[in-house]
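Using the working numbering, you'd call the opening residue of the sequence shown number 7 and step up by one each time. So the structure is just underneath, and the comments pick up after that.
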Amino acid sequence: MFDPSASPVLVIFADLQTVHNPYSFVSESLELIIASTASIAIHALDQRQAVGLYVNGGPSGSSYWTSVPPGRSSGQGPQILSALAPLSGFRLLPLAQLLRRSMPSLPYGSTVLAITARPVEETMISLLTLQDAGHPILLLTVSDQVPEVPSTFTTFHLGGRDAWRRLETLELA
């Protein structure tokens, strides 16, 4: 018998749009989103979770968004990191549309983690739709100001430019 709790799946949605204008971006917020996505993905894989990735943009000049189907093979981590490395700061479609388009392909009961600098109403509605479909939701926000978001799902604010600058100054021992 299939037991979804026996094989936890985390699907990460990273939003490359950091400001209202989709053809501009805040580099520190973008870097924080990409670094957080990579760290969370690798940590979840280390915990033996299957991890998938959807990003609403791709490498510079591309006309497709980035996706890595959920998996937990030994090659999943390098595949996710390789998908994140060439990303540009330009989104191809709003996060809300990416969430809606991806919904039919999400494994039943998979946890959805969205990382965004712009938790706009349309994105919140898409996340609520996913939650109503049986997906636990976790929202991580990145910006200089803590945004107001509904308390309907778990939310954490990672910080903004100052958080990224502190991370840049860290030295590995």
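All C-beta atoms in this analysis are idealised placements derived from N, C-alpha and C, irrespective of residue type, glycine included. Because the structure is a prediction, the values reported are computed rather than measured.
**Prompt:** What span of residues does the beta strand (DSSP E) with V122 cover, start to end?
**Reply:** In the sequence under discussion, the amino acid at residue 122 is Thr, which differs from the Val named in the question. It spans 117-122 - the beta strand (DSSP E) in which T122 sits, taken as one unbroken run.
**Prompt:** Is T24 helix, strand or coil by DSSP?
**Reply:** coil
**Message:** Please report the distance separating the alpha-carbon of D21 from that of P76.
**Reply:** 18 Å
**Request:** Grab the span of the alpha helix (DSSP H) containing L87 for me, first residue to last.
**Result:** 82-90
**Item:** Range covered by the alpha helix (DSSP H) that runs through T160
**Value:** No alpha helix (DSSP H) contains T160, which is instead part of the beta strand (DSSP E) from 160-165.
**Prompt:** Can E154 be considered in contact with the ligand SAH, in the sense that its beta carbon sits closer than 8 Å to one or more heavy atoms?
**Reply:** This structure lacks the ligand SAH, and indeed carries no ligand of any kind.
**Item:** A139, DSSP secondary structure in three states
**Value:** coil
**Asked** In chain order, what residues of the same chain have a beta carbon less than 6 Å from the beta carbon of Y70, not counting five sequence neighbours either side?
**Response** G64
**Asked** Hey, I126 and L105: beta-carbon distance below 9 Å or not?
**Response** Reading off the sequence shown, one finds Val at residue 126, where the question assumed Ile. No. Outside cutoff.
**Prompt:** Between the C-alpha atoms of H163 and S42, what's the straight-line distance to the nearest angstrom?
**Reply:** 12 Å
**Message:** Rounding to the nearest angstrom, what Cα-Cα distance links S149 and L36 in this structure?
**Reply:** 10 Å
**Request:** With distances taken Cα to Cα, identify the nearest neighbour of L144 among E154, Q151, V152, T158.
**Result:** T158
**Message:** Taking the straight line between their C-alpha atoms, what separation do you get for N62 and L87?
**Reply:** 16 Å
**Prompt:** Secondary structure at L134, three-state DSSP: helix, strand or coil?
**Reply:** helix
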